[in-house]
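**Student:** Listed in order, the protein sequences are those of chains A and B.
For the first sequence, numbering that gives the first Met the number 0 gives the first residue as 0, with consecutive numbering after it.
For the second sequence, numbering that gives the first Met the number 0 gives the first residue as 0, with consecutive numbering after it.
No residue lacks a Cβ here, since even glycine has one placed at the ideal position from N, Cα and C.
Have a look at the structure that comes next, please.
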Amino acid sequence: MPLTLDISLSQTRHCNNRKENPPIAIIPTSSFPWDPGFVFGMDSKTPVENLYSIEPALSSSSRRSNFSIQSKASGGNSIREVTFTDLGSKPVRYGSHGADSETNALSQKEINDEDARLVHINDPVKTNERFEFAGNSIRTAKYSILTFVPRNLFEQFHRVAYIYFLVIAVLNQLPQLAVFGRGASILPLAIVLLVTAVKDAYEDYRRHRSDRIENNRLASVLVNYQFQQKKWKNIQVGEIIKLHANETIPCDIVLLSTSDPTGVAYVQTINLDGESNLKTRYAKQETLTKIPEEGKITGLIKCEKPNRNIYGFQANMEIDGKRLSLGPSNIILRGCELKNTAWAVGVAVYAGRETKVMLNSSGAPSKRSRLETHMNLEIIILSLFLIALCTVVSVCAAVWLRRHRDELDFLPFYRRKDFSDGEEDDYNYYGWGMEIFFTFLMSVIVFQIMIPISLYISMELVRVGQAYFMIRDTQMYDESSNSRFQCRALNINEDLGQIKYVFSDKTGTLTENKMEFQCASIWGVDYNGGKASSVDGYYVQVDGKVLRPKMKVKTDPELLQFARSGKETKEGSHVYDFFLALAACNTIVPLIIDTSDPTVKLIDYQGESPDEQALVYAAAAYGFMLIERTSGHIVIDIQGERQRFNVLGLHEFDSDRKRMSVILGFPDKSVKLFVKGADTSMFSVIERSLNVNIIRTTEAHLHSYSSSGLRTLVVGMRELSTSEFEVWHSAFETASTALMGRASLLRKVASNIENNLCVLGASGIEDKLQKGVPEAIESLRTAGIKVWVLTGDKQETAISIGYSSKLLTSKMTQFIINSNSKESCRKSLEDAIIMSKKLMTISDTANNAGGTSGAGLTPVALIIDGTSLVYILDSELEETLFQLACNCSVVLCCRVAPLQKAGIVALVKNRTSDMTLAIGDGANDVSMIQMADVGVGISGQEGRQAVMASDFAMGQFRFLVSLLLVHGHWNYQRMGYMILYNFYRNAVFVLLLFWYVLFTCFTLTTAITEWSSVLYSVIYTSVPTIVVGILDKDLSRRTLLKDPQLYGAGHRQECYNKRLFWITMIDTFWQSAVVFFIPLLAYWGSTIDGSSIGDLWTIAVVILVNLHLAMDVIRWNWITHAAIWGSIIATCICVIIIDALPSLVGYWAIFKIARTGLFWLCLLAIIVVALVPRFVVKVLYQLYTPCDVQIAREAEKFQSQRATGALEVEMNPILDPPRR
Amino acid sequence: MTDTDQERDRNKETAFYKFTQQTLPACKPVLTPAWVITIFLFTGCIFIPVGLVTLRASRSVVEIVDRYDAECVPESFRIDKVSYVQDDSIPKNCSRFLKVHKYMKAPIYIYYQLDNYYQNHRRYVKSRSDQQLLHGRKYHGTSSCQPVEFNNDHAIVPCGLVAWSLFNDTFKFIRERAELKVNRKNIAWKSDRDHKFGKKVYPYNFQNGTLIGGGKLNPRIPLSDQEDLIVWMRISALPSFRKLYGRIEEDLDVDDVVVVHLMNNYNTYSFSGKKKLVLSTSSWLGGKNDFLGLAYVFVGSSSLILALVFMLLHLRYRRPYGDTIYLPWNRKSLSV
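Structure (structure tokens):
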């Protein structure tokens, strides 16, 4: 019989794809209209989940959900030997659910010839004949020596600001418009371009270097039937490549054979997606036996065009006249490492820049900060203002020209007529209209800095500085994972100060995602007396060597006793079965790791699901140590005795059944079925008539586990009789060889066998809350931020975590919505709204009685599940949900699919102008992170996809408090002030120039030298704003954390709003008038020359704007002092240098004028008169309508003087920040 | 405590650590009413005396201003002043009588003042060549001087509108039949004479064109000694300006009458500019201008008033500083 099986199987061996693996194109993207970029965003999760997202009602697709024991991407260790007895029959393998037949048909249809790439195996010449496929050399460097200048310039001029700069500079080159000298007009642009170019060149040089190293690595490639070392850059598509253990894969390769007889290869994808656990990849049966050195392998692979989906691959291979389909499990990608496999041979299909990793190397999409968006409006106002100024000047000039049109010819200071070459003609005069037009353009040139170009550059520098401080902040440094805060997006720092909604993932974000086996209920007995494990934990000795699990688990002594007692006693046998099930019923791969001590080896359980890992570690701690898992059998060390079990069949987890099962052939030739799964799905297949009491007590235990926040799994088993096994086996054969509907057939086979189970028990796994989470949530809530938790977990678990994280409190009224139809959803939503309104009015009246409003509001919590959300999102009920959610202080969504997470974020984002922040750690949070205004990734256990998609990344959830309340507040305050100040600073200078123009016949003469005009925003005033923008703090970290309500300043837009803008502009008007008119009146009708009064104006305006800044600086440290006073001194030095050059008009002017008393008196008067109004208004505001920040600042200053620390502690019992 | 802990603690002391944690020692000034009142009082106390001193200095200056452009045109030419001034054949002599109303101590500065004359006009300001002034005809890059760059294909030194329009009225001062000694040396900046105008550069081909703009220069005197030109070429900042003509180095007594014999050559009639002759003494502050003194007194007294207002406000509406009770959330919890 084994023989016949072999034959029958060998014809249908192409079934090792993973689960239903739909091409992504199936998803109707139109149903997700809010994010065009989401398809890629979602690609980062497995396609399996993409499918689920169509019908989220059916599944909780978070693989970390309570019952998530599925092996996500591996395609299953669905490996077994078909033989009952180990008669040395050839090992074969087939998937328990080779569900790809439908997909095959589809994929073969889909890859039509135009879209396909044809790869002739081992024939690179023919492969590249028709189209030259990209070679394997990569080029991350952007420029070569030749292309650097043009390309770099081209890229830099993508910024509109630079184009403005350039246009102005070019205009200035026209002789009719030459306001500034050539050098002076080009200098600022040249400096900016040069600095950026040098930075780019350095970065590119480093990229060149790393490219060179990468391209010159060696790989063995089959040439003339021999594997030879070849440089990576010379590898071509179609060549056969041999890889050895721990080698990095040079290009995307379709596996042909591996050292494993069944064609399994393990790869580590840490460079690709950051997941450190091993993934299994398969070679096709048909190619396994071919030895490339001996026989010529010929064949044709037809695969899709290069794309960036690292979890998708569609191809088929024609070999020996047969057509096989290839899927993502047959390809290993560049950048991964081969592990645990001696060698693997494959054919290169994508090389170089067409590999998936290279196609994925672009960064996250950039976001724009809210403040900047607001600022753009004000920039438009400023440009209107600029146009207005220019219009005034040109109209006045026109009037003047008109009135003096008869005198112009001989006017000594105009003299239109030119007689130098004998005859009269107009000199430099183009007619009335043109003169006005030129005047307009010239005034644009002179007043150009009205639009603060330097602001964009300053903002970038400030953000870099702010990012530096965020990164260096030791309070956002995670010691356990040794990870610093990361700033991945540099343009939304200030948004952190205005966040109103936080959407948080639960597992891995609020919790640690380190699953810990806590307790078990076996055969109706609850064992939860777990204590810290004994010193060594469990270990086995093999050949004098100690083998020990990598992680220790705390064990219950009583249970340990039973486990050791063997299966003689009744309890013992149940315990035996239970742990055997835990050790066997999974897809974990054990890896043996050497330690520094040669006699000790560690066993590391690698698997996709942390729950499974926890269970296997637990089994090991109780003496059931999984030692080996190969294609057809597993070896478990049971209490020191090695036992080998044949894995006869494995039904992988799927979301319909919500359970998995394994059929084990015991050494005593009995066959048993072990099943584990979510409680709901398990109790439906358990034989209820048996052991009613045990079922009931287990259910009770389950309830208590899940209400204490544990993730539960139920384990059951059944002994199969020979006849039952035969029936299953033949059904399984038929199903797995079926061409159509294989997936559903296999599911049916699994469901048929998974019944009448005898319940063994249940396990409780704790997903520990991260340190400081309750305090963090409390702080965020006090700060007026709404925290929504979106989780894939089930409701009970979610609610219990909600309580333990202080998200939910006993005072809250809970609305729970889990409905199964749209109508019931509508009804429960409307009921909830009515209820919440009632509660609000009650609390309102209560408050009105109390005199203030909003204080004693009854908090309302909304708990809604994914099933209901299916009916709500994308329908008219969205609006209702939004209204309800706005009334609720807490929203908890459970069992939501990744896309639903994004949908909820979009729900809020599209309806309010409030800022949203999404925080998560897993691939399932990517869509949400990209959807939110600010995305934060937790660099945790689950790989780096969330981090890659995020704007900021950090180690722990609690750092969010520091990030938002401290850095966010600071950044917002700094940036808001900086923008206003920059507007003011430039406008005051422009107005100063404008006033003077009114006294020069509107001809745009500037008393201030052109060099000072140019240097004004580059040297004279730039450094202090940047320093203050980076370093000034309105409040200390301590105060901000103590009173999270201070975060409200950002919500109320206190630091940057329309009103402030207009006040600033009025102030600007006043100040510029003062600067201009005091010297004008003081020097009217005197011998003063233009250069001297220009110097006075220059120095006055620079001192003024710097003192204006100084007046608003809150914290003076030595750097601030140096920047502000240094700038003033630098200005004086520059003015002196300019006036010491005999070739310039203003030679020696400053020395002359500085010797007169009038100069100094003017200077003093200007500064005092200009600043007094601002000072008075500021003082009045601070004294009589102080804002929160102001009071807190005073408190900070005076209380530290007045009171001792004891008082503060007393005042602030709970909210002290988590400073650990 | 382990080594690394100790090391970390030591790190915490360093300035760099404090810098990265943004906890550098800093001064945090807070504007308390006391400070505000002090600042205003202080400003007032400084500004009023300074203003008074300034005012006094300005008042001490004795100034005689005489507008002569209209009076110095003979009655018969009053209708068409331009043709009068342009006609070389008509003598331009004119006499003015200035009465000294207050004792003037030497040196008495003689200025000519032009009003409505835009020396700061862009076309005018640009129309010069500083290089040529320094290097003479050797320098050729004088295109900025157009339309007064060449005449009959020869370069003009000094070129440009500014030099071309050189002021050329002359004044002679006579008191009781004796000519007053007028010192016309050192009226220009020394720095200009030394470094901006060439010592070996002589006027060439100057005012030889069809259109004469103003004064002529003696071609045998180098530019560095042509002080009137140097003064003229220091472009004035404002459309109403004075330029130094010379110094009278004798005191003038009250009721002295100074007769000014002037040559009314310069044409301001074509654009209705005014010409004035100014005799003025000087103080440490410069000329006569009350504005700054008045401004100081005004600002100083305003400061004192503001100080008073703030004092009253402080007495009337007192807010305890730094009291966290005033924070809205604390206020709420209090009232509940």
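Strictly under 9 Å for the Cβ-Cβ distance: is Gly285 of chain B near chain A by that measure?
**Tutor:** Against the second sequence, residue 285 of chain B aligns to sequence position 286. At least one chain A Cβ lies under 9 Å of Gly285 of chain B.
**Student:** Thinking just about the alpha-carbon of each residue, which of B:Ala105, B:Leu326, B:His153, B:Asn263 is nearest to the one in Lys80 of chain B?
**Tutor:** By one-based count along the second sequence, residue 80 of chain B stands at place 81. Checking every option, the nearest Cα to that of Lys80 of chain B belongs to B:Asn263.
**Student:** How would you write the range of the alpha helix (DSSP H) that Ala1122 of chain A sits in, first residue to last?
**Tutor:** Here residue 1122 of chain A refers to the residue found at position 1123 when the first sequence is read from its first residue. 1117-1138 is the extent of the alpha helix (DSSP H) around Ala1122 of chain A.
**Student:** With distances taken from CA atoms, which of A:Tyr621, A:Gly262, A:Val191, A:Val348 is nearest Thr133 of chain A?
**Tutor:** Along the first sequence, read from residue 1 onward, the residue named residue 133 of chain A stands at position 134. The amino acid occupying residue 133 of chain A in the given sequence is Ala; Thr does not appear at that position. When only C-alpha atoms are compared, the closest one is A:Val348.
**Student:** Return the residue from the list B:Gly213, B:Leu30, B:Ser239 that minimises the CA-CA distance to Leu228 of chain B.
**Tutor:** As a working note, residue 228 of chain B is residue 229 in the second sequence. Looking at the Cα atoms, B:Gly213 is the closest of the given residues.
**Student:** Can you tell me where the alpha helix (DSSP H) holding Ala168 of chain A begins and where it ends?
**Tutor:** The residue labelled residue 168 of chain A in the question sits at position 169 within the first sequence. Residues 159-172.
**Student:** Which residues bound the alpha helix (DSSP H) around Leu979 of chain A?
**Tutor:** Reading the first sequence from its first residue, position 980 is the one you call residue 979 of chain A. Residue range 968-996 is occupied by the alpha helix (DSSP H) that includes Leu979 of chain A.
**Student:** Any C-beta of chain D within less than 7 Å: which residues of the region 222-237 of chain B qualify?
**Tutor:** Among the protein chains of the structure shown, namely A and B, there is no chain D.
**Student:** Counting C-beta neighbours from all protein chains within 10 Å, is the total for Glu511 of chain A 16 or more, i.e. buried, or is it exposed?
**Tutor:** Counting from one through the first sequence, the residue named residue 511 of chain A turns up at place 512. That one is buried.
**Student:** Can you say whether Gly850 of chain A is buried or exposed, counting buried as having 16 or more other CB atoms within 10 angstroms of its CB?
**Tutor:** Locating residue 850 of chain A in the first sequence gives position 851, counting from the first residue. Confidence at Gly850 of chain A is low in this model, with a pLDDT of 39, below 50, so the placement of that residue is unreliable and no value is reported for it.
**Student:** Using the beta-carbon count (16 or more within 10 Å), is Thr13 of chain B buried or exposed?
**Tutor:** Here the question's residue 13 of chain B lines up with position 14 in the second sequence. By the 10 Å Cβ count, Thr13 of chain B comes out exposed.
**Student:** Could you check whether the region 139-146 of chain B touches the region 235-242 of chain B, counting it as contact only if at least three pairs of C-beta atoms, one from each stretch, sit closer than 8 Å?
**Tutor:** no
**Student:** Strictly below 7 Å CB to CB, what residues from chain A border Ser239 of chain B?
**Tutor:** Within the second sequence, the letter at position 240 stands for residue 239 of chain B. Under the 7 Å cutoff, chain A gives Trp1083, Gly1084.
**Student:** Under a three-way DSSP split, which group does Cys1054 of chain A fall into?
**Tutor:** For the purposes of this step, residue 1054 of chain A is identified with residue 1055 of the first sequence, where counting begins at 1. Secondary structure at Cys1054 of chain A: coil, using DSSP grouped into helix, strand and coil.
**Student:** What does Asp255 of chain B reach in chain A if we use C-beta pairs closer than 7 Å?
**Tutor:** Taking the second sequence and counting its residues from 1, one reaches residue 255 of chain B at position 256. Within chain A, no residue comes near Asp255 of chain B; the closest Cβ sits about 24 Å away, beyond 7 Å.
**Student:** Going by DSSP, name the residue or residues bridged to Arg658 of chain A.
**Tutor:** If you number the first sequence from 1, residue 658 of chain A lands on position 659. DSSP lists A:Asp653, A:Gly676 as partners of Arg658 of chain A.
**Student:** Strictly below 7 Å CB to CB, what residues from chain A border Lys195 of chain B?
**Tutor:** The residue given as residue 195 of chain B occupies position 196 in the second sequence. The contacting residues are Pro1141, Tyr1146.
**Student:** Kindly indicate the opening and closing residues of the alpha helix (DSSP H) around Val869 of chain A.
**Tutor:** Counted from its first residue, the first sequence places residue 869 of chain A at position 870. Here the alpha helix (DSSP H) through Val869 of chain A covers 865-871.
**Student:** Rounding to the nearest angstrom, what Cα-Cα distance links Pro22 of chain A and Glu651 of chain A in this structure?
**Tutor:** Against the first sequence, residue 22 of chain A aligns to sequence position 23. Against the first sequence, residue 651 of chain A aligns to sequence position 652. In this prediction, Pro22 of chain A scores a pLDDT of 33, lower than 50, which makes its location untrustworthy; the coordinate-derived value is nonetheless stated afterwards. Straight-line spacing of the CA atoms in Pro22 of chain A and Glu651 of chain A works out to 21 Å.
**Student:** When you compare the CB of Leu305 of chain B with every CB in chain A, is at least one pair closer than 9 Å?
**Tutor:** Counted from its first residue, the second sequence places residue 305 of chain B at position 306. Yes - at least one Cβ of chain A is within 9 Å of the one on Leu305 of chain B.
**Student:** Exposed or buried, Arg62 of chain A, counting other C-beta atoms within 10 Å across all chains shown (16 or more means buried)?
**Tutor:** As a first step, residue 62 of chain A must be located in the first sequence, where it is residue number 63. Any answer about Arg62 of chain A is weak, because its pLDDT of 34 lies below 50 and its placement is not dependable; what the coordinates show is given next. Flag for Arg62 of chain A reads buried.
**Student:** Jot down the residue ranges of each uninterrupted alpha helix (DSSP H) in the region 308-366 of chain A, minimum 4 residues, whole runs only, in chain order.
**Tutor:** Runs found: 355-358.
**Student:** Could you say which of B:Asn150, B:Trp163, B:Gln112 lies nearest to Ser126 of chain B if we only look at CA atoms?
**Tutor:** For the purposes of this step, residue 126 of chain B is identified with residue 127 of the second sequence, where counting begins at 1. Checked all of B:Asn150, B:Trp163, B:Gln112; the closest Cα to Ser126 of chain B is B:Trp163.
**Student:** Does Tyr295 of chain B come out as helix, strand or coil in the three-state DSSP assignment?
**Tutor:** Within the second sequence, numbered from 1, the residue matching residue 295 of chain B stands at position 296. Here Tyr295 of chain B sits in helix by DSSP.
**Student:** Just the C-alpha distance for Asn215 of chain A and Asp920 of chain A, rounded to the nearest angstrom, thanks.
**Tutor:** Residue numbering aside, residue 215 of chain A sits at position 216 when the first sequence is read from its first letter. Residue numbering aside, residue 920 of chain A sits at position 921 when the first sequence is read from its first letter. Approximately 36 Å, taken between the alpha carbons.
**Student:** Which same chain residues end up closer than 6 Å to Asp1187 of chain A when comparing Cβ atoms and leaving out the 5 residues on each side of it in sequence?
**Tutor:** For the purposes of this step, residue 1187 of chain A is identified with residue 1188 of the first sequence, where counting begins at 1. Answer for Asp1187 of chain A: Leu1045, listed in chain order.
**Student:** Name the two residues that bound the continuous alpha helix (DSSP H) containing Gly464 of chain A.
**Tutor:** For the purposes of this step, residue 464 of chain A is taken as the residue at position 465 of the first sequence. Here the alpha helix (DSSP H) through Gly464 of chain A covers 452-471.
**Student:** Over what stretch of residues does the alpha helix (DSSP H) that includes Ala1099 of chain A continue unbroken?
**Tutor:** The residue labelled residue 1099 of chain A in the question sits at position 1100 within the first sequence. Element bounds for Ala1099 of chain A: 1089-1111.
**Student:** Residues in its own chain within less than 7 Å of Leu287 of chain A by CB, not counting five upstream and five downstream?
**Tutor:** For this step, residue 287 of chain A is matched to residue 288 along the first sequence. For Leu287 of chain A, where only same-chain residues beyond five positions count, the Cβ hits under 7 Å are Ser256, Gly262.
**Student:** Where Pro73 of chain B and Arg183 of chain B are concerned, what is the direct C-alpha to C-alpha distance, given to the nearest angstrom?
**Tutor:** Position 74 of the second sequence, counted from the start, is the residue given in the question as residue 73 of chain B. Position 184 of the second sequence, counted from the start, is the residue given in the question as residue 183 of chain B. About 29 Å.
**Student:** Taking the alpha-carbon positions, what's the Leu326 of chain B to Ala1109 of chain A distance?
**Tutor:** Sequence index remark: in the second sequence, residue 326 of chain B carries index 327 (1-based). Sequence index remark: in the first sequence, residue 1109 of chain A carries index 1110 (1-based). Computed Cα separation, rounded: 27 Å.
**Student:** Please list the partners that Lys27 of chain B has in chain A, where partner means a Cβ-to-Cβ separation under 8 Å.
**Tutor:** Looking up residue 27 of chain B in the second sequence gives position 28. For Lys27 of chain B, the chain A residues whose Cβ falls inside 8 Å of its Cβ are Ile1113, Arg1114, Trp1115, Arg1192, Glu1195, Lys1196, in order along the chain.
**Student:** Go ahead and pull the three-state DSSP assignment for Ala177 of chain B.
**Tutor:** Here residue 177 of chain B refers to the residue found at position 178 of the second sequence. It is a strand residue.
**Student:** Hey, Ala613 of chain A and Phe578 of chain A: beta-carbon distance below 9 Å or not?
**Tutor:** Position 614 of the first sequence, counted from the first residue, corresponds to residue 613 of chain A. Position 579 of the first sequence, counted from the first residue, corresponds to residue 578 of chain A. No, they are not a contact pair.
**Student:** Tell me the DSSP bridge mates of Phe561 of chain A?
**Tutor:** Your numbering for residue 561 of chain A matches position 562 in the first sequence. Answer is none; Phe561 of chain A lacks a bridge partner.
**Student:** Using a Cβ-Cβ distance cut-off of 9 Å, determine whether Thr402 of chain B contacts chain A.
**Tutor:** For chain B, the structure presents residues 0 to 335; residue 402 of chain B sits outside this window and is missing.
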